[in-house]
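Heads up, the thing below is written out as structure tokens.
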Amino acid sequence: MAKKYSWPDRGTTALLGKPQDRIDGIAKATGAAKYTYDVNFDKMLIARVLGSPHAHCKIKSIDFSAAEKIPGVVKCMAMKEPGNEVRWQGDPIAAVAGESEGAVAEGLKAIKVEIEPLDVYVKDADLAAAEAAGRTGKVAKNVQLEREAGDDDDEDKFAEQEIERLLKESAVVVEAHYGIDVITHMCLEPHGATVQWEGDKLNAYLSTQNVSGTAGQFASPLGITTGDVTVICDFIGGGFGSKFQVDNFNVTAAKIAKEVGRPVKLMLDRDIELKTAGCRPSGYIDVRIGADKEGVVTVWDSQHWGTFGATAGGVDQGVIPYVFNPKNRRRRATPIITNASPSRAWRAPNHPQACAMSQTAYDDIAAKLGLNSYDVFLRNLASVSNEKQNVYQAEMEIAAKLIGWKDKWHPHGKGPKKGAVVSGLGMAIHTWGGGGQPSNTNITIHPDGAVEATLGSQDLGTGTRTAIAIITAETFGLPLAGVKVNIGSSKYPPSAASGGSVTIASVSESTRRAAQDALLKIFELASKKLESEPENLEAKDGRIQVKSDTKKSLSWKEACSLLGMMPLEVKGEFKRRDDQGLSSSQVGGVQMAEVEVDRDTGVVRMKKFVLVQDMGLVINPKCAQSQMYGAAIMGIAYALFEQRILDPTTGAFLNAEIADYKLPRLGDVGEIVVEIYQPDDEYNRGVVGLGEPPVISPGAAISNAVCNALGVRVPVLPLTPKRVLEALERARKA
Amino acid sequence: MSILDSQSAAGAEAGAACQHLRSKGMFITGCQNPAVEDGQVGDGHCWCNLTQHVLGPDDDFVARRICIAGRQCFVATI
């Protein structure tokens, strides 16, 4: 075992920290990469699910008799029983497997379901209506005040009086409403699996971000052991937090496959995918916020609500207000239950909503005082919750230069006009954890010099596979092509699920540890040949050499031949809290947006979007930047376009198709500038994940830019043309 | 406790969770009963490992605070 696991000193690396192409880039670009949807077998059946057309009903009967007569339909299977309640539109009721897409489509149409309709409620933006409908849960409350209540004081009454006093003493008070609607995950590759039995053993080609954690989820409902299940996911077409679980339709596919003795591919249709396979909770807030004349917030008083859909929950009150922690704050949160699909974790659970619901209020303080938003954010950094004031300040300076804040910023609503078009700047800041989680990597070195890194991780498209190759190759002094990476199977050593931005820190920890330990064994073998001590050797440029006399060396292959006939296999293990400096957690991040808004049409156009992000040591800047570009586009999408539209009466999801669910095109995103913030202290603290952070701020930053342009707040995201025009109309009437 | 009220009490106060309860946070932290104070791990979305759905075998909702002893389908963690 290596004495201490560590990264190479900065500036000494051949691959690490330098931009590398993805090792699977060609496979992806040419279509050679096989996603779950691409996995096919001889005699395989196609299966689809029938989603409930009703948002709330009770199942009385399911009749397959007509469906089973459709030519090509092989098997129909119920997923609900008579008496079961359906709580949202799209919840699977039954599945049909057949010889062709057409037969299955006809079969689904022929299923007769008798139901008893039940009352439907979907108005999550209207707290009063939800309360009247009995759809709200208990209010969670959290109060923190500088002054403490006396022993005889009623705490609620004291808090009320104290907040009123603080607001009264504030130089400025903003009383406002903000919000952010439900959006779906919209994974390009829908949820699903191709399943194949070999006797009593199941091979499940599952679209998952949890390769090591899903075999057991198949096993329990199928009544087999986890060891009899192999989950495989070589490539995935998007998950964003929605693909941690094995869904009931995946299990149904396995049941059908077992019963008919043929492989089955069951992927969700787009409309069912959107209706049932993941969405982000909404959040709406009424807030009163008081600040001094410099814009430093002294008191925050808010009530927010929102929905997880059919299950209870909402944006956590602990992240309100977001990043900033004023000394006096009262937060109340109310969950609302609707007849809509249950939410699933969406990139940075709670954070995009919290940012959009509170950093907009901070910007409105600036607007009301006629101050520069940059200055107000800067002055409030003293209250940030993560002790990253210096990081935020440095990142703000960089972002401001990149977007030209000093030259372009103007007081809210007082910028230059080009006809009906006005422009504006806005900013927001964010935070996230992203530390490493348990992970294991096996490094195998073969006597011919071949190297394999094997672990049960997955590559969500972020470049995980490439990062593992970089770390391994860097450790052994090999070119990237000298390492083969094996990921994507539950039979490999367990590694962390890809959620919460933990993947890169997790796989970096276990891989670097395994590689350093394996290299030490190679050094021990080579030291005898080179007549030097193992600690005096180094691996560089494909050779094992004596540091002080590099002429004394062996090629990597020569060194590996000393293994004899059998390969060397070394396991690297990382457990939580077993920190040795390879990984870290907690990041900041600053984003600034420049927009143009047409006051006649209400259309918001992105001109420029700047992301400055710290993430500790960066393994591959090219993939990190790619991740930031993707986050910016996804953020622009939810800020301006994405919106789940439900019929208020029936609960029907009206735009559950790609054609109707609006996403930005390339021409909609404007110029995107990404900047990695990595001074030496960031490099030295080790690896931190990046999946979540850069997608948090876009909503607030873009909303603030629109407000700066118009001089009017458009309170609820997405900022559609209709909402922009309505906000302007309200302002005109006021 | 109904699903409507299930967010109002801390998980630990509710008692030991059913062995079939699953949430994203469990797979991130590696814990059966992840702390609820984090707020980052996405514990709000729970499902049952027997049904692979947000509804358990009894057709009622799955949540940390209601998948506890006393529920018909509850199975104690060994």
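Chains D and A supply the protein sequences, listed in that same order. Take 1 as the starting number for the first sequence in our numbering and just add one per residue. Take 1 as the starting number for the second sequence in our numbering and just add one per residue. The beta-carbon is built from N, C-alpha and C at its ideal position, and this holds for glycine as well.
- For THR51 (chain A), the nearest beta carbon of chain D is closer than 8 Å to its own beta carbon.
- Here ARG135 (chain D) has TYR121, ILE336 and ILE337 as same chain residues with Cβ atoms under 6 Å from its own Cβ, once five neighbours each way along the sequence are excluded.
- Closest option to ALA505 (chain D), judged by alpha-carbon separation, among D:GLY482, D:SER527, D:VAL546 and D:GLY463: D:GLY463.
- Counting the other Cβ atoms within 10 Å of the Cβ of ILE26 (chain D) gives fewer than 16, which makes it exposed.
- GLU85 (chain D) places its beta carbon less than 8 Å from that of ASP59 (chain A).
- By alpha-carbon distance to CYS355 (chain D), the top candidate from D:PHE641, D:GLU533, D:PRO221 and D:PRO321 is D:PRO321.
- When DSSP assignments are scanned along the region 120-186 of chain D, the uninterrupted stretches of alpha helix (DSSP H) that are 4 or more residues long and fall wholly within it turn out to be 127-132 and 155-169.
- ALA63 (chain A) has a beta carbon lying within less than 8 Å of a beta carbon in chain D.
- Residue state for ASN350 (chain D) is assigned as coil, using DSSP reduced to three classes.
- The three-state reading of DSSP puts TYR677 (chain D) in strand, counting E and B together.
- Looking at D:GLU198, D:TRP432, D:MET634 and D:LYS168, the one whose alpha-carbon comes closest to that of VAL502 (chain D) is D:TRP432.
- Residue environment: LYS75 (chain D) is assigned as buried (16 or more neighbouring CB atoms within 10 Å of its CB, all protein chains considered).
- Between VAL507 (chain D) and LEU530 (chain D), the C-beta gap is not smaller than 8 Å, which leaves the two residues out of contact.
- The residues ALA399, LEU402, ILE403, MET592 and VAL673, in chain order, have a CB closer than 6 Å to that of VAL610 (chain D) in the same chain once the five nearest residues on each side in sequence are set aside.
- Counting only the Cα atoms, VAL451 (chain D) lies some 48 Å from ILE180 (chain D).
- Residue-level contact by beta carbon holds for ASP59 (chain A) and chain D, with a gap shorter than 8 Å.
- Shortest Cα-Cα distance from LEU563 (chain D) to any of D:ILE702, D:ILE445 and D:VAL139 involves D:ILE445.
- Taking the Cβ atoms as the reference, ALA333 (chain D) lies roughly 39 Å from ALA254 (chain D), outside the contact range of under 8 Å.
- Here GLU726 (chain D) carries a helix assignment [DSSP, helix/strand/coil].
- Taking every protein chain shown into account, the CB of PRO8 (chain D) has fewer than 16 other CB atoms within 10 angstroms, so this residue is exposed.
- No Cβ-Cβ contact shorter than 8 Å links PHE641 (chain D) with LEU274 (chain D).
- Buried is the label assigned to GLU162 (chain D), since at least 16 other Cβ atoms lie within 10 Å of its Cβ.
- Identification of chain D residues near ARG71 (chain A) by a Cβ-Cβ cut-off of 9 Å yields none; the smallest Cβ-Cβ distance measures about 16 Å.
- Residues of chain A with a Cβ closer than 8 Å to the Cβ of GLN217 (chain D) are, in chain order, ARG22, ASN49 and GLN52.
- The beta-carbon distance between VAL706 (chain D) and GLY415 (chain D), rounded to whole angstroms, is 12 Å. This is too long to meet the 8 Å contact definition.
- In this structure, ALA514 (chain D) sits near LYS571 (chain D), with a CB-CB distance shorter than 8 Å.
- Rounded to the nearest angstrom, the Cβ distance from ASP614 (chain D) to VAL597 (chain D) is 31 Å, too far for a contact under 8 Å.
- By the C-beta density criterion, GLN359 (chain D) is buried, having at least 16 other C-beta atoms within 10 angstroms.
- Under the DSSP definition of a beta bridge, ARG665 (chain D) lacks any partner.
- A buried status is given to ASN49 (chain A), since no fewer than 16 other beta-carbon atoms sit within 10 Å of its beta-carbon.
- Straight across, the Cα-Cα distance linking MET606 (chain D) with TYR661 (chain D) is about 19 Å.
- As for any beta strand (DSSP E) of minimum length 3 sitting wholly inside the region 268-309 of chain D, the runs are 283-291 and 297-307, ordered along the chain.
- In this chain, LYS69 (chain D) is not harboured by any beta strand (DSSP E), its DSSP state being neither H nor E.
- In this structure, LYS521 (chain D) places its C-beta atom within 8 Å of the C-beta atom of LEU568 (chain D).
- Residues of chain A with a Cβ closer than 9 Å to the Cβ of THR311 (chain D) are, in chain order, ILE3, SER6, GLY44, HIS45, CYS46, VAL54, PHE61, VAL62 and ALA63.
- No Cβ-Cβ contact shorter than 8 Å links SER489 (chain D) with THR184 (chain D).
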